[in-house]
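Residues in the sequence shown are numbered from 1 upward in steps of one, following the UniProt record's numbering. In this text, a Cβ means the ideal position worked out from N, Cα and C, and glycines have one as well.
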Amino acid sequence: MLLMLLTGAASGFFFYWHQSVDLDNGPMGYMFLCAVLFFWSLRKAETSGYLHQHTINKFETQKTIKTMKKLIITSILAATTLCVFAQKPSPALLNPTNHTLIMVDYQSQMAFATGNITIESLRSNAALVAGASKIFNIPTVVTTVAAKSFSGPVFPEITEFFPQATSGFLDRTTMNSWEDANVYKAVTGKGKKTIVLGGLWTSVCIVGPALSAINEGYNVYFITDACGDVSKEAHEQAVTRMVQAGAHPITAMQYLLELQRDWARSETYKSTTDLVKKYGGAYGIGIQYGQEMIKH
């Protein structure tokens, strides 16, 4: 019974602390806190006579204390060992410092003919990607094609996070942005060997830079549901081609959550959940619902 009370006290205190402190060390911090609380509570119980009152004699009291200490130490060491292994994420995961994002041709004319995804979904997914890049300060290149003569303005969901007047969109004439000197210089100048692509159209303006970057030794990811093409078949064949070449397909929500990864990261928690509530569809509504229910 006492051990249960000690465990409950430690867990309850940790829950409160977890809400107000950014635990960069995650489970390790939790286990350290539990250890401190366990031994403090055990010492209190020992000095107050609580254990002696609930055991037959002094020998039994000391035996109980030693047994509890051994159990606590063993449990904490085992859990800490597991935590150490859990804290080493795969280098294949994206994080805010290991890649450059390239957003390609999110423009009106390019969207008109998109047939593999609804425009509403495409715009929302593009917003998730643009918002994620802004929240996590991702090195980002926004490029357009023939903006004034053909393709038109950039989606408002992009300019919400990257205002055109201050973001320096790179306009091109080439379909493959990798062949544009300004875009190439902007991307390679970031110094990141991993790039993430999203844009229109998948089979032309995404395949081009994806294959070109892979050929130069870059690790390439592309956001499938933030890419559009003239038909479902055109999009799927482009996806297949890039995967066969070694590129990695991900989704917009996956991209955002892979960057956040830990809800204890309080500095980006609110911005991330606000972005999801606005553009995350059913998942966003679920977050809004959960936060509202907690208030009651």
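- With a beta-carbon spacing of about 19 Å, Gly-281 and Ser-133 fall beyond the 8 Å limit used to define contacts.
- Annotation: the continuous alpha helix (DSSP H) that includes Tyr-283 extends over 281-294.
- Beta-bridge analysis with DSSP links Asp-225 to no other residue.
- Look at Thr-272 here: in three-state DSSP terms it is helix.
- The shortest C-alpha to C-alpha distance from Ala-247 to any of Gln-254, Thr-224, Met-253 is the one to Thr-224.
- Residue state for Asn-137 is assigned as coil, using DSSP reduced to three classes.
- DSSP places Gly-208 inside the alpha helix (DSSP H), whose first and last residues are 207-215.
- A distance below 8 Å separates the beta carbons of Val-276 and Ile-287.
- Ala-186 places its beta carbon 8 Å or farther from that of Ala-226.
- Under the 8 Å Cβ criterion, the region 112-129 does not count as touching the region 205-215, having fewer than three qualifying pairs.
- The three-state secondary structure of His-99, taken from DSSP, is coil.
- Take the alpha-carbon of Trp-201 and the one of Trp-263: they are about 34 Å apart.
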